[in-house]
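Everything on this sheet refers to the single structure shown next.
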Amino acid sequence: MANPASCGTTKGDYKPCVVVTDNSEVAVTLDPDKTYTLLHSGLDGTSAGSSDTSMVYLSFNETVATAVTAGSANKGLLPSLTEITIGPGLKEVSFLTAGASNEPAVTIVPHTTTFGHH
Numbered sequence: 001m002a003n004p005a006s007c008g009t010t011k012g013d014y015k016p017c018v019v020v021t022d023n024s025e026v027a028v029t030l031d032p033d034k035t036y037t038l039l040h041s042g043l044d045g046t047s048a049g050s051s052d053t054s055m056v057y058l059s060f061n062e063t064v065a066t067a068v069t070a071g072s073a074n075k076g077l078l079p080s081l082t083e084i085t086i087g088p089g090l091k092e093v094s095f096l097t098a099g100a101s102n103e104p105a106v107t108i109v110p111h112t113t114t115f116g117h118h
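Residue 14 in the working numbering sits at position 14 of the sequence shown; the count goes up by one each step and never skips.
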């Protein structure tokens, strides 16, 4: 199954999405008025039940994702079995891992809170 091109971008759409990351950047369009939780499952997205604890490198708003931990603007790290909340104000998130055999699954959960509205 292909990665989603967007997640939660239409009014009333709060369904979660799953992205399988690899060493090719995967970009997902977001609703900039929503917040999102990103959850690294610790599982390989291509092999049911297999573990994959690879670091997932993030970039935001069309910044190119790179697999380095050095400080930089518009970037983030998502270690295995962790979650972070991003937004509002982000129109895109990109995912990347360091190796071709690393393909961890990340769940994206849109939240109902938007700028000034619940």
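We treat Cβ as the ideally placed atom computed from N, Cα and C, and that holds for glycine.
Task: According to DSSP, residues forming a beta bridge with Val-56 - done: Leu-78
- [ ] Starting from the C-beta of Cys-17, find all residues in its chain whose C-beta is less than 6 Å away, skip the five residues before and the five after it, and write them out in chain order.
- [x] Pro-4, Cys-7, Ile-108
Open item on the list: Do Thr-112 and Tyr-36 have their beta-carbon atoms positioned less than 8 Å apart in this structure?
Closed with: no
Task: Distance between Gly-12 and Asn-23 (C-alpha atoms, nearest Å) - done: 33 Å
Open item on the list: Can you give me the C-alpha to C-alpha distance between Thr-53 and Ala-105, rounded to a whole angstrom?
Closed with: 10 Å
Task: Cutoff 8 Å: Lys-34 Cβ touching any chain D Cβ - done: Among the chains of the structure shown, chain D does not appear; only one protein chain is present.
Open item on the list: I'd like to confirm the pairing. Which residues does DSSP put opposite Leu-43 in its beta bridges?
Closed with: Ser-51
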